[in-house]
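The numbering used here puts the last residue of the sequence shown at 842; the count rises by one with no breaks.
Backbone N, C-alpha and C define an ideal beta-carbon position, used for all residues, glycine too.
Bear in mind the structure is a predicted one, so any value in this text is a computation, not a measurement.
See below for the structure under consideration.
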Amino acid sequence: MLFFCQYIQAQTLSGTICDGENKNPLEGAMISVLRGNMMIDYALTDAHGRYSLPWKHNATLQISVSMLGYKHEVRNVSAAGILNLLLQSESILLKEVQIRPGRISTRKDTVRYNLAEFISSKDVHIKDVLKRLPGVDVEENGQVTYKGKSIDYFLVEGMDVTGGRYNQINNNLSAKAVKAAEIMENYQSVKALKGKISSDEVALNLQLDPQARDQWIVNNTLGLGWNDALLWDASINALQLGKGNQSIYSYKTNNTGTDLSREQTVLVNNTSQEIPLYDFLTQPAISAPLDKERLLFNQTHTLNANRMYKWNDEQSLRLQAGYTHDRISQQRQNTQIFYQPEDTIRINETYNYHLLSDAAHLEANYENNSTRHYLVNRFLLEGESNRGSSPELQQTIRTSQLAAKNFFNFIRNRDNTTWEFNSATQYAYVPSSLSVSNSKNKYEQQNLYTDNKGRYLKKQNGFTRQYTAGMQGEWDKVYLSDTSSNKKSYSPSNFSIYLTPYFELERNKWLASLSTAVKYKRYFEQQRSFLFFTPKLYLRYQLDYHWKFSLFGRLNRSAGDITDLCPAVYRTDYRTWRNGNGLFPVSTEQLYNLYGEYKNTVQEFFITATLAYQRTHYNTLNEQSVSKDAIVYTRRAHSNYTNNWSLSSTLSKGFFGWNLKTSVDLQFSRSTGEQLTKIPNAASTAIPKGTSDNSLLQNYRYDYLKIEPKLIWSPAEAFEAEYHATIGYGGNKIGSDTHLTPLLDFVQRLQLTYSVGDLDLRLSGEYYRNDLGNNTHLNTLLADAAIVYKRKKWRLEAEVNNLFNKKEYAYTIYSATQSYTSRLNIRPREVLAKIAISY
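Structure, rendered in structure tokens:
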């Protein structure tokens, strides 16, 4: 092993670059390998002044070391080893040149934002600064995007303390505690796979101010107010973030409309650790094209604890726990119109909806991440209980879920080959029930799932070969019962074996990959077998640092979920039934994606464009039977297609001298498909048992255009303006005769802030213009005002929301062959005073 270590060291030229006077390490010094006057390799020193270069040269070459403000050094090197240098400072004479500090710098695939150049005295938490960064955006739910793509990792000092629940950082970490934000493209979190297989993932890393690093940051907030009842908003959270151990503890409660459950939501996409779990019943969603704080009548408590230990550069342990209790209510009036070939059916309903929910999770994640091997084990225990009721509809839906999951992954590097073993296991218990008037339907599901696979990877001369083979098993037992003592059960248990060869070739500016996944799946009780295949092709061309283009194509054959195998007609709400009719849906999807981007960090300019086409073939189609009292979906054997075209683009531009950030999101889509409709002979509250003798087929097409401009402008320290608009235009065509009136909806949000000493005066307004169909529209103007006093660690705030005391909001949306109009209550005028202290 000693000989092996000496051999590895001998293939590398490494060392440290320091200041010649104070011996401090220099970060960002450039070390170039020259053959004659041609640079053939280079590296940049890290924060500790260290660098490392692979050495495969036999001749004597020149090593050039340069950094602004220091004398240029050149050394002749004939063999690998250690080369340490001390650079001598050198004054630079500049004539008629104005120097300004750069807000954005780049290094290979990393974009670094100096937050001191973006932060404003009005910013409270780190999310307030992130939304100012060119190319970066923060969605309403807290999700962070870069060039229109959601980030895959949210790190603080290189550590993921929240496991993707990064709203706990966004909403709690002080903006002044962060020194810089780094966006790392093509991020590979597994060190053993770096340089072996490409990655398109994006990571955001926050670098803390040295004075805030490893220090406890505690925030306390208490707010009281009034609308028609007492309002409260209270929180206490403590954060300790450093390069070794990190902790986040928080308790929050309010009834002011702020959705605290978002702090327990995983906002990153990690498909490798997603295990499918389906339920027969779902709770009605409380949503509208309106800021959620306007329509949410809530009483919420949430508690979370995160602790992460990092013993060295390789080993870490993350422990997490979270709990949320939520009580939500909403009053709605809905009008649903079904456009059928020979008739139009209108269904009106008015009801109060109440949702009581509890959700908790426990997680332990151990990771050993080195260049030679990788080992991670993640154990997760999740549980939730929801009870949604509506007295007017005489309906109560209970949904619950308890799941235990474990994910294990081990990777071992041997020379230029890599071996990997991956295992995922889940046990879940999913009971649910539906009570309507005097009837009750119960659904109970037990699920045991396991997926185990092995991989072999070898990379040589830029060509990567990877082979994956695995076995997947799922044991399921489903029980259904109703008030008439009818009990039924079935088992959708299945077993699969699969093989996925993957090939990747990287040549200079080009990268190409091809994979062809093949899976054989067997359902035991149903005595049915399927052969699924998923070939994928990916091409990427990196013209230079600024331009990148890619092409992606995929063909995917898949089948329905376990609810589709249900042999009985089952009920999902007070008026809806579903009948699988003994048919199992199988689909074949074609997806093509053309992507291009341009970025110029010096000019703070980012633009992306994506053109996508999706065509899906189905062997079945749901027949829709609608009456005043019942809606029944019966699966029929009918070959049909859906087609979806979409064009999306994001543009972001920052203006250094103006303290201005602008961005525009553009989206256009067209969807076509077919709808099978049965014209019922008579309405009945019993379970309809119609046939398809009088079914009619309708074609539909839906077009939608959305433009979303945003602007944040601070022309002076005392004044700031933030503008956000959303313009949507969509129309529906059903058959050859029915053209629904296109809907033009737009929202304009404007917030103005003016500072006088320690006082901030804030006025915000929202204007909604919603088309309701039939050439009618609704205008809604909402306004808020607030005054904030800041003094050292204290923050006092008084606000008045919904100044004009609007009570109702309405909107209309189209879907396939129907339209949906809803009127709902919104939060009335509210007065709230808050006091906060941070230390």
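If you ignore the 5 residues before and after T420, its C-beta comes within less than 8 Å of the C-beta of Y459, L460 and K461, all in its own chain and listed in chain order. Positions of the beta strand (DSSP E) runs, each at least 3 residues long and wholly inside the region 237-304, are given as 248-257 in order along the chain. Taking the C-beta atoms as reference points, G465 is found no nearer than 8 Å to E528. Looking at the DSSP output, M41 shares a beta bridge with R38. Counting other Cβ atoms within 10 Å of its Cβ, N87 stays below 16 and is therefore classed as exposed. Taking the Cα positions, H128 is about 6 Å away from L176. With respect to the C-alpha of F341, the residue from D567, I66, C21 and I350 having the closest C-alpha is I350. Within the same chain, I634 come within 6 Å of T579 by CB-CB distance, once the 5 residues on both sides are set aside. In this chain, the beta strand (DSSP E) harbouring N773 covers L762 to G776. In its chain, beyond the 5 residues on either side, R297, L785, A786, D787, I829, R830, P831, R832 and E833 have a beta carbon closer than 8 Å to the beta carbon of N805. Contact between L320 and Y369 holds: CB atoms are separated by about 5 Å, below the 8 Å threshold. The region 275-282 makes no contact with the region 319-335: fewer than 3 CB pairs, one atom from each, lie closer than 8 Å. With a cut-off of 8 Å on Cβ pairs, the region 605-613 is in contact with the region 137-157, counting three or more such pairs. With respect to the C-alpha of Y577, the residue from D294, N248, A836 and Y354 having the closest C-alpha is Y354.
T268 and P538 have their C-alpha atoms roughly 32 Å apart. The region 85-150 is shown to contain whole alpha helix (DSSP H) runs of 4 or more residues at 129-133, in chain order. The alpha-carbon separation between T637 and L568 amounts to approximately 13 Å. Under the three-state reduction of DSSP, L196 is assigned to helix.
Bounds of any alpha helix (DSSP H) do not take in I730; it lies within the beta strand (DSSP E) bounded by F722 to I737. DSSP, reduced to helix, strand and coil, places L806 outside both helices and strands of the structure shown, so it counts as coil. An exposed status is given to N40, since fewer than 16 other beta-carbon atoms sit within 10 Å of its beta-carbon.
The beta carbons of N170 and E76 sit no closer together than 8 Å. If you ignore the 5 residues before and after T285, its C-beta comes within less than 6 Å of no other C-beta in its own chain. Sequence-distant Cβ neighbours of I85 in its own chain, meaning closer than 7 Å and more than five residues away, are S17 and G18. Membership of I220 in the beta strand (DSSP E) is indicated by the continuous run W219 to W229. Distance from K445 to S488 at the Cβ level is roughly 11 Å; contact not present, criterion being Cβ atoms closer than 8 Å. Per the DSSP secondary-structure output, M474 pairs in a beta bridge with N455 and I500. Per DSSP, the continuous alpha helix (DSSP H) segment holding I172 begins and ends at N170 to N173.
Cβ contact annotation for L755 (same chain, cutoff 6 Å, sequence separation greater than five): A724 and L766, in chain order. Following the DSSP letters along the chain, one finds E811 inside the beta strand (DSSP E) bounded by residues E811 to S818. Two segments are said to touch when three or more pairs of C-beta atoms, one from each, lie closer than 8 Å; by this definition the region 509-518 does not touch the region 580-599. Within its own chain, the residues whose Cβ lies closer than 8 Å to the Cβ of R216, once the five positions on either side in sequence are excluded, are E160, L244, G245 and K246, listed in chain order. Counting along the chain, the unbroken beta strand (DSSP E) around N371 starts and ends at T347 to N372. Approximately 15 Å separates the beta-carbon atoms of I20 and V80; this is outside 8 Å, ruling out the contact.
Here the region 422-437 lies against the region 446-457, with 3 or more beta-carbon pairs under 8 Å apart. When only Cα atoms are considered, D212 and K182 end up about 5 Å apart.
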